[in-house]
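No gaps in the numbering here: position 276 of the sequence shown is 276 in UniProt numbering, and each next residue is one more.
Beta carbons are placed, not taken as given, at the ideal position from N, Cα and C, and that holds for glycine.
Below: the structure, in structure tokens.
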Amino acid sequence: MYNYDLIVIGAGPGGYVAGEHAAKNGLKTLVIERGTYGGVCLNVGCIPTKTLLQSSKVKHYIEKAAEYGLDLVNNQLSVNWANILKRKETVVNKLVNGVKTILKVAKADTIVGEARIVDGHTVTVNNQTFTTKDIIVATGSSPRKLPLPGFDQGRAEGVIIDSTKALELPQIPQSLVVIGGGVIGIEFAILYASLGTKVTILQAVDRLCELLDQDASDFIAKRMKSLGVNVVYNAKILGYQNNAIIYEDNGTAYQLPSQYILESVGRVVNDQVFGSFNVARDDRNRIKLNDKLQTSTDSIYVIGDAAGQIMLAHYAYHQALYAVDTILNRKTKKLSSLTTPGCIYTYPEIATIGYTEQQLKEKNIEYVVSKMPMAVNGKAIADGSTEGFIKFMFGKKYGEILGCVLIASTASDMISEIALAMENELTVFELEQAIHPHPTIAEIISECAKQAIYNHFNKKH
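Shown next, in the form of structure tokens:
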């Protein structure tokens with residue numbers, strides 16, 4: 001007889017959703033969290049970064065007030081960083097309490113402490129031992145640290161920081177070097193550049209956000225330039241010394257002094273929970289999982305960032321539901337990375353889903369492109385938000401949706417329509433037929449589909 005039907009280790013996006021779903025479906029459930037409920041996303045990731053970015057966005061719009069016929073008295077605007085941070089903490093605390101309430105209402109037991117897996121049915125925490133039929137590991141990830149000369153010293157000095165520290169700087173920095181031009185690095189670059197910081201991005205390859213469609217990368221590069229962010233491409237980081245990052249560009253070494261240096265070079269999974277208990281791993285020491293998210297010990301599942309697959313909170317949500325439904329012996333639909341959208345909360349926002357055009361070429365998939373600028377959309381013009389575009393890649397023969405890039409003020413909300421369409425295997429024709437309210441920015445979706453039909457599918461209206 002087990003103490004629990006399910007023990008969930010970690011109460012981030014994947015963990016608390018797993019705990020809620022299991023408890024509400026009759027499983028006696030224990031959720032163990034070593035830190036603060038909500039995990040990285042809620043406490044030091046998605047939510048606080050978006051809260052800070054919203055403050056910078058409001059500043060951006062106030063500075064454009066004259067374009068909307070509004071005059072600032074004496075043209076004065078000051079940034080109160082302490083109050084911005086206070087607002088961030090208020091938002092985070094409200095949502096942390098919300099997660100606690102969700103688990104309480106679901107009647108899941110909770111414990112705060114450092115868990116360790118003893119075997120496939122046993123977990124210890126706070127000198128207590130619990131047995132369980134199944135275990136879900138949702139322990140998240142941590143910022144990756146570069147093992148380079150001087151970096152430990154730079155961290156000890158508080159000059160080299162990670163994304164967590166970047167959310168709680170005591171003041172807006174005079175200068176910031178961002179190592180890495182991925183999503184996290186871009187969002188912090190925009191945040192601080194818009195607040196007056198001199199920002200430099202050192203990117204290891206020849207474009208920003210290199211996994212995105214080329215058109216999206218090009219747009220981000222232009223946005224960085226408009227904010228005064230300096231980007232060094234193909235930069236090789238050599239080390240740190242005397243408050244300066246040392247890097248190589250085109251064969252020449254440079255020293256770049258900066259008040260802060262942000263390491264934004266990916267994340268590593270938190271798998272300390274396994275302790276001395278062994279599960280199968282691949283040649284890169286990643287935990288092997290089957291398509292049901294089970295480890296080599298089939299009573300142990302791994303979800304979210306800890307699974308080392310797609311490190312996005314919304315993917316973790318669905319992995320949580322998938323794992324619990326598997327435990328409940330319910331019919332499940334295999335998760336697809338292709339229909340999982342990703343967003344960058346710049347302004348305008350960037351949202352993508354499916355294949356990039358470059359991937360389609362590499363895979364020799366026949367496709368057609370339909371692209372429209374936001375500048376032709378009535379609501380975007382009325383809002384003064386005409387930067388950006390929508391770009392679809394459709395299958396050449398049947399018009400299935402292969403990929404989409406959205407750059408618009410509301411792109412992160414609009415991409416859900418495309419995700420729903422792709423998940424249900426809809427085509428360009430269904431997108432065009434869906435009636436969108438006018439005026440909305442979202443109606444550009446059906447307009448772009450209509451353009452594709454006119455140009456590529458010989459359907460005249």
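By the three-class DSSP mapping on this structure, what secondary structure does residue i have?
i, result
"T340", "coil"
"H461", "Note that H461 scores a pLDDT of 44, beneath 50, so its modelled location is shaky and nothing firm can be said."
"residue 503", "Since the first residue of the chain shown is 1 and the last is 461, residue 503 is not available in this structure."
"C448", "helix"
"R267", "strand"
"G239", "strand"
"residue 528", "Only positions 1 to 461 of the chain appear in this structure, which leaves residue 528 out of reach."
"V199", "strand"
"T164", "helix"
"R34", "coil"
"C404", "strand"
"Q255", "strand"
"M1", "coil"
"R144", "coil"
"A244", "strand"
"V231", "strand"
"Q433", "helix"
"F274", "helix"
"Q171", "coil"
"K94", "helix"
"G19", "helix"
"L6", "strand"
"V428", "helix"
Could you tell me which of the options sits nearest to residue i, measuring between CA atoms?
i, options, result
"Y315", "L195, E187, A419", "A419"
"G251", "I245, A235, G239", "A235"
"L6", "V17, V31, G12, P13", "V31"
"H21", "L212, N83, K104", "K104"
"G19", "F457, I102, C343, L208", "I102"
"T332", "T339, Y322, T340, P341", "Y322"
"Q259", "Q241, N455, Q214, V177", "V177"
"L262", "Y16, F274, N243", "N243"
"L406", "A11, V73, D215, K24", "D215"
"L431", "H438, P437, A421, T440", "A421"
"V8", "C343, T440, S299, G266", "S299"
"I327", "F130, N25, C41, N83", "N25"
"A166", "H436, K397, L53", "L53"
"I136", "R144, P143, T129, V123", "V123"
"G403", "G181, T427, Y233", "T427"
"L338", "Y355, V268, N329", "Y355"
"L202", "P170, C343, D325, G182", "G182"
"A411", "F392, E349, G395, D383", "E349"
"V199", "A253, T346, I435, N230", "N230"
"A320", "Y347, I237, K292", "K292"
"I237", "D249, G228, T346, Y68", "D249"
Is any heavy atom of the ligand MG found at a distance shorter than 7 Å from the C-beta of residue i?
i, result
"A323", "For the ligand MG, the structure offers nothing, since it holds no ligand at all."
Given a cut-off of 8 Å, decide if residue j and residue i are closer than it, judged by their beta-carbon atoms.
i, j, result
"I415", "I353", "yes"
"L195", "S56", "yes"
"A82", "T29", "no"
"V112", "I179", "no"
"V268", "S142", "yes"
"V96", "T51", "no"
"A23", "A138", "no"
Any C-beta of chain C sitting closer than 8 Å to the C-beta of residue i?
i, result
"Y233", "Looking for chain C here will not work: only one protein chain is present."
| field | Runs of beta strand (DSSP E) lying entirely within the segment 306-381, each at least 3 residues, in chain order | value | Counting only runs of 3+ residues, the beta strand (DSSP E) found wholly inside the segment 306-381 occupies 342-344, 349-354, 367-373, in chain order.
| request: Please specify which runs of the beta strand (DSSP E), each continuous and at least 3 residues long, are wholly inside the segment 101-128, giving them in chain order. | output: DSSP runs (the beta strand (DSSP E)) wholly in the segment 101-128: 109-112, 115-119, 122-125.
| task | Decide yes or no for the touch test of the segment 307-314 against the segment 148-158: beta carbon pairs closer than 8 Å, at least 3 of them. | result | Contact between the segment 307-314 and the segment 148-158 is absent: fewer than 3 CB-CB pairs across the two stretches fall below 8 Å.
| task | Report yes or no: do three or more beta-carbon pairs, one from the segment 106-119 and one from the segment 267-285, lie closer than 8 Å? | result | Yes, the segment 106-119 touches the segment 267-285.
| message | For the pair the segment 356-376 and the segment 441-449, tell me if three or more CB-CB distances fall below 8 Å. | response | With contact defined as three or more Cβ pairs closer than 8 Å, the segment 356-376 and the segment 441-449 are in contact.
| said: List, from N- to C-terminal side, the alpha helix (DSSP H) runs of 4 residues or more that fit wholly inside the segment 38-68. | reply: You should have 39-44, 46-63.
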